[in-house]
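Novice:
There are 4 protein chains.
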Amino acid sequence: MSVRSMLARQLDPALREAPGLSPANWAVCGLIVAAMLVAVLETEPALRTGRETLFLAVEIGLTGLLALEYAVRVWVSVENPAYDGRLAYVRSPAAVFDLLTILVVLATAFGTEGFLLRLAMLLRVLRIARLGRFSKAFDAVAAAVASRSTELGLSVAFAGLLLLVSSAMLYLVEGAVQPESFGSIPRAMWWSVATLTTVGYGDVFPVTALGRVFAALTAITGIGLIAMPTGILASAFSDAFQAQRAAAERQDPGTETSERAES
Amino acid sequence: MSVRSMLARQLDPALREAPGLSPANWAVCGLIVAAMLVAVLETEPALRTGRETLFLAVEIGLTGLLALEYAVRVWVSVENPAYDGRLAYVRSPAAVFDLLTILVVLATAFGTEGFLLRLAMLLRVLRIARLGRFSKAFDAVAAAVASRSTELGLSVAFAGLLLLVSSAMLYLVEGAVQPESFGSIPRAMWWSVATLTTVGYGDVFPVTALGRVFAALTAITGIGLIAMPTGILASAFSDAFQAQRAAAERQDPGTETSERAES
Amino acid sequence: MSVRSMLARQLDPALREAPGLSPANWAVCGLIVAAMLVAVLETEPALRTGRETLFLAVEIGLTGLLALEYAVRVWVSVENPAYDGRLAYVRSPAAVFDLLTILVVLATAFGTEGFLLRLAMLLRVLRIARLGRFSKAFDAVAAAVASRSTELGLSVAFAGLLLLVSSAMLYLVEGAVQPESFGSIPRAMWWSVATLTTVGYGDVFPVTALGRVFAALTAITGIGLIAMPTGILASAFSDAFQAQRAAAERQDPGTETSERAES
Amino acid sequence: MSVRSMLARQLDPALREAPGLSPANWAVCGLIVAAMLVAVLETEPALRTGRETLFLAVEIGLTGLLALEYAVRVWVSVENPAYDGRLAYVRSPAAVFDLLTILVVLATAFGTEGFLLRLAMLLRVLRIARLGRFSKAFDAVAAAVASRSTELGLSVAFAGLLLLVSSAMLYLVEGAVQPESFGSIPRAMWWSVATLTTVGYGDVFPVTALGRVFAALTAITGIGLIAMPTGILASAFSDAFQAQRAAAERQDPGTETSERAES
């Protein structure tokens, strides 16, 4: 087998015969995560100060490796009959996206403002990982969430209504006492979100007796607000996994049959 | 088809043939949400100051559109045989409610005190949305919650008892040290609610060793207090969705049968 | 029917023919809750000061009514063949408990120290309510929790281990920097409980980088700690309600059969 | 029966005929927990100061008892045919581990630095308890978690992505205003973890309007982040317990059949 053919089997999941991610793709994922980590650490002055050259060298090295990976993928793309020549691969959405992320890293290597653009790199990890064993789990979770999207949307609508009502109550009750924190409904909403999600930073809180009564009611209702989507998702996952297992059983009736005979 | 008949099919869900909300009703919902948003933003001094005329103009415009919508609904109501003439529609609870919300907006346009009355407008969104695809989801969620109302009531009763016991304990232990925060049972309840709901603002907390032991017990029990209604709701949703799917299957036995054949 | 017989049917659930609580027992429950509420409000100096006589009068009145209720229960006890004369009823554990709670209220009417003893009164509400429709729900919830007691015990054991490990880590890392908050493992436990339960008062928190890394790990593990008992309880409730419904179906096979035909 | 044979039946679970833990093993577990508790309390200066000799005596006493237990286990090991003489037992991993924990306690008795090593002692409790009735529960919980490891891994991956995105947003928005708290992405991550887990210490929080909008979105997404693993675990536990019950039923078909006849 030629080197090109071997590399193609390593890098192109469509040509891979064994299940799971190939060692080369694991390495690429690791490379992207490492590049991400370096970009995160670089923003910390205590780490960057005095090590600017080191960070720049690491960035150039990692970007060079990603560029090399891109070049190799272009080179071996002719092994995959799905692409009609290397130009067809270069024009494919996946390859264009890969090139863009490399250009983004190059363009933002000298500053930290472009960090958010770099997050796009992580989508590559997602794309590669989807081809591994996470693919089925991803589909199951996505299908479960999608199957209850209307019910979850209803929960969000209830949450929004509750947010509005509790903000308005606290604005009316506490607005005059703490104008800085509750002087308008948008301001009271900051408190309301912190309370309904049970985060409770404690930077703003009611001080009047009536305000505390409404705050207590808001906090208690917030529990229901968490319990409702949790309950909906729990039931959705239960159904999705049952369906998945039933499908697996039809394909391979020998396994698990005894366990399901009673149910 | 006349303009009146066309408008009737757009505005009156009972006359609509296609499923879901009509474009006109989507627009009305959007209008109500926009009016709500303007009313919320208007309470913020940083936004209102210097823009009083702008806000007033927007309010008048939005209220005018809602009044126009009301007038059109009255005009086209004769297309629906359920109403015996326009006066019958005007007297119907839905139309009376619509008129009231418009009058409330007019009456409170010049101040912020009437904000809570305006929330009634959102009930219109709920009424319109109930006719769309949210209707079934709403029924399923409501039925699930209703089917476990006794168990959820029991959870609330336990929560109340726990609130009382933990407040009393902290009042006895911390009352003398922090009279401002724990000097009476109602005062200690503010701390107790913040702890049991795991909000934990941090404006009040025990400082004695014994107080912290009781607070730790309260916080740990609070987890069970959240887990119990969540578990009850999860099981209720699971049952409700299963029943709904079973009902859908009876009506349309062709679909999903394969998935359920094993279970 | 004599007055005594009528009162017996009202007060003694064993003699009542209709389901649910009798109006008289609802009134008794209300009386106890009112007495509880007065006792709670009485501890608040802002409410008590200047109203000592009023509170005392209300306490005497409520206690008088409870004493009257006790006397009536003794009087009508001969209607229930289960008691061999009034002395047998007076000696029964329920009646002794009732008398004790009245004596506790009398003994503590002039101070607030005995408040915790008064909580025993609420057990009477529980005892009366157990005879109503809450009885089945209470049994279902209790059975569900009991059926998973070993698994829930395991969760508690994991939580305890996690509490110990995270406290020990923070004690080692932050102990020297913040001796007041993390200077010993028992002190670090106060922070650990607040973090694992996601209460997060914010009175103590790590300030070193390493301390924050361990705290982040603790907080993330805390989510699993809440998810585990919630998941266990959700599955327990699901099973318990299914069993309860199946039992109800066997007794009354006409209802709900269609819904369960598919499953 | 000789004393050695009797002790062997008490200490070696493989020789025990009755189910559950033997009284002697309960005592050993209690001994380990007591030694742990003493080690925890010893770190608190308020308790240790002036009681150094007492703590040292208790430590020596407890360690002596654990050493005695080890010696007895070696002595009675010949009763178990699985070990080919006492030396075989001493060389077994379990016995080596037991000896190591005793040596650790001895080595660290005079300081508090070795506390973490002592936590290894608790693994002995786990090992002994696994042989009791907790064993089945432990297996069920572990199997349930393992069966959903890919889905739970996906949740963790989503959580990590969310952590990264929200930290990056807050760093960009609040970094200039609060450089101490949001001046780099790693610093913003401390806030992000506290928010996503809903702990919310309140030591850092956004102060700008835009920062609060992103923080609110983060907190709301954090609810989904808790709901997802909870839902996955709930469905996993439900399946695991159902399978366990079905297995129990096959072995002992007489019980619970009526309950499962409908399902």
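Residue numbers (full-length UniProt numbering), protein chains in the order written: chain B, 1 to 263; chain W, 1 to 263; chain A, 1 to 263; chain U, 1 to 263.
Just so you know, even glycine gets a beta-carbon here, dropped at the ideal spot from N, CA and C.
Which class does W/PRO81 belong to by DSSP, given the choice of helix, strand or coil?
Specialist: Correct three-state label for W/PRO81: coil.
Novice: Report the CB separation of B/VAL125 from B/ILE32 in whole angstroms; it is logged as a contact under 8 Å.
Specialist: 5 Å
Novice: Give every residue of the same chain whose Cβ lies closer than 7 Å to the Cβ of U/GLU69, excluding the five residues on either side of it in the sequence, and list them in chain order.
Specialist: VAL28
Novice: Kindly indicate if chain A contains any beta-carbon less than 9 Å away from that of U/VAL199.
Specialist: yes
Novice: Three Cβ pairs or more, each shorter than 8 Å: is that satisfied between the region 155-166 of chain W and the region 210-223 of chain W?
Specialist: yes
Novice: Counting pairs of beta carbons, one from the region 92-100 of chain W and one from the region 5-13 of chain W, are three or more of them closer than 8 Å?
Specialist: The region 92-100 of chain W is not in contact with the region 5-13 of chain W.
Novice: By how many angstroms is the C-alpha of B/ARG91 removed from the C-alpha of U/VAL156?
Specialist: Roughly 34 Å separates the two Cα atoms.
Novice: Quick one: what does DSSP say residue 269 of chain W is sitting in, helix, strand or coil?
Specialist: An answer regarding residue 269 of chain W cannot be provided, because it is not within the stretch 1 to 263 covered by chain W.
Novice: So that I know if they touch, is there some Cβ in chain W lying closer than 9 Å to that of A/LEU170?
Specialist: no
Novice: Helix, strand or coil for B/SER147? Go by DSSP, reduced to three states.
Specialist: helix
Novice: Within the 9 Å Cβ cut-off, does U/ILE232 reach chain A?
Specialist: yes
Novice: Tell me, to the nearest whole angstrom, how far the beta carbon of A/ALA14 is from that of A/ASN80; I am working on the premise that it is less than 8 Å.
Specialist: A/ALA14 to A/ASN80, Cβ: 6 Å. Contact.
Novice: Would you mind sorting W/ARG51 into buried or exposed? The rule is 16 or more other CB atoms within 10 Å of its CB.
Specialist: Per the 10 Å Cβ criterion, exposed.
Novice: Please state whether DSSP places U/SER263 in a helix, a strand or coil.
Specialist: Since pLDDT at U/SER263 reaches only 37, below the 50 mark, its modelled position is unreliable, and the value read off the structure follows with that caveat. Reduced to three states, the DSSP call for U/SER263 is coil.
Novice: Here's the rule: buried if 16 or more other CB atoms are within 10 angstroms of the residue's CB, otherwise exposed. What is A/ASP139?
Specialist: exposed
Novice: For W/ALA146, tell me which candidate among W/TYR171, W/SER22, W/ILE232 and W/LEU56 has the shortest Cα-Cα distance.
Specialist: W/ILE232
Novice: Kindly give me the distance between the Cβ atoms of W/TYR201 and B/GLY202, rounded to whole angstroms, as I take these residues to be in contact under 8 Å.
Specialist: 4 Å
Novice: Tell me, to the nearest whole angstrom, how far the beta carbon of W/VAL204 is from that of W/VAL177; I am working on the premise that it is less than 8 Å.
Specialist: About 12 Å separates the two Cβ atoms, so there is no contact after all.
Novice: Label B/LEU62 either buried or exposed according to how many other C-beta atoms from any shown protein chain fall within 10 Å of its C-beta, with 16 as the threshold for buried.
Specialist: buried
Novice: Using the Cβ count rule (16 or more neighbours within 10 Å means buried), how would you classify W/ARG73?
Specialist: buried
Novice: Thinking C-alpha only, which one of A/VAL193, A/THR150 and A/LEU152 is nearest A/LEU170?
Specialist: A/VAL193
Novice: Is there at least one Cβ from chain B nearer than 9 Å to U/GLY85's Cβ?
Specialist: no
Novice: Taking CB distances under 9 Å as the criterion, tell me whether A/PHE202 reaches chain B.
Specialist: At residue 202 of chain A the sequence reads Gly, which differs from the Phe that was named. Interface flag for A/GLY202 against chain B is set, since a Cβ pair is found closer than 9 Å.
Novice: At 8 Å on the CB atoms, spell out the chain W contacts of B/ALA219, in chain order.
Specialist: VAL193, ALA194, THR197 and VAL199
Novice: Using a Cβ-Cβ distance under 9 Å, would W/LEU161 count as near chain A?
Specialist: Chain A contact via Cβ: present.
Novice: Just the C-alpha distance for W/ALA216 and U/SER166, rounded to the nearest angstrom, thanks.
Specialist: C-alpha separation (whole angstroms): 31 Å.
Novice: State yes or no: is the beta carbon of B/SER181 nearer than 9 Å to at least one beta carbon in chain W?
Specialist: no
Novice: Just to check my reading of the structure: U/ALA234 and A/THR150 have Cβ atoms closer than 8 Å, yes? What is that Cβ distance to the nearest angstrom?
Specialist: A Cβ-Cβ distance of about 18 Å is found for the pair U/ALA234 and A/THR150, leaving them out of contact under the 8 Å criterion.
Novice: Please classify U/GLY60 as buried or exposed, where buried requires at least 16 other C-beta atoms within 10 Å of its C-beta.
Specialist: Note on residue identity: the sequence assigns Ile, not Gly, to residue 60 of chain U. Counting the other CB atoms within 10 Å of its CB gives U/ILE60 a total below 16, which places it among the exposed residues.
Novice: Which same chain residues, not among the five before or five after W/ARG4, have their C-beta less than 6 Å away from its C-beta?
Specialist: Excluding positions up to five away in sequence, the list reads VAL76.
Novice: Using alpha carbons as the reference points, say which of B/ALA24, B/ALA46, B/GLY85 and B/GLU42 lies closest to B/LEU66.
Specialist: The candidate whose alpha carbon is nearest that of B/LEU66 is B/ALA24.
Novice: Residues in its own chain within less than 7 Å of B/LEU123 by CB, not counting five upstream and five downstream?
Specialist: none
Novice: Spatial neighbours of U/ALA246 within its chain, please: CB distance less than 7 Å, with the 5 preceding and 5 following residues excluded, ordered by chain position.
Specialist: none
Novice: Sort B/VAL141, B/GLY153 and B/VAL40 by Cα distance to U/GLY153 and report the nearest one.
Specialist: That would be B/VAL141, whose Cα lies nearest to the Cα of U/GLY153.
Novice: Can you find the residues in the same chain that come closer than 6 Å, C-beta to C-beta, to U/MET189, ignoring five residues on each side of it along the sequence?
Specialist: SER167
Novice: Would the C-beta of B/ARG187 count as close to the ligand ATP, meaning under 8 Å from any of its heavy atoms?
Specialist: With respect to the ligand ATP, the structure shown offers nothing to examine, as it has no ligands at all.
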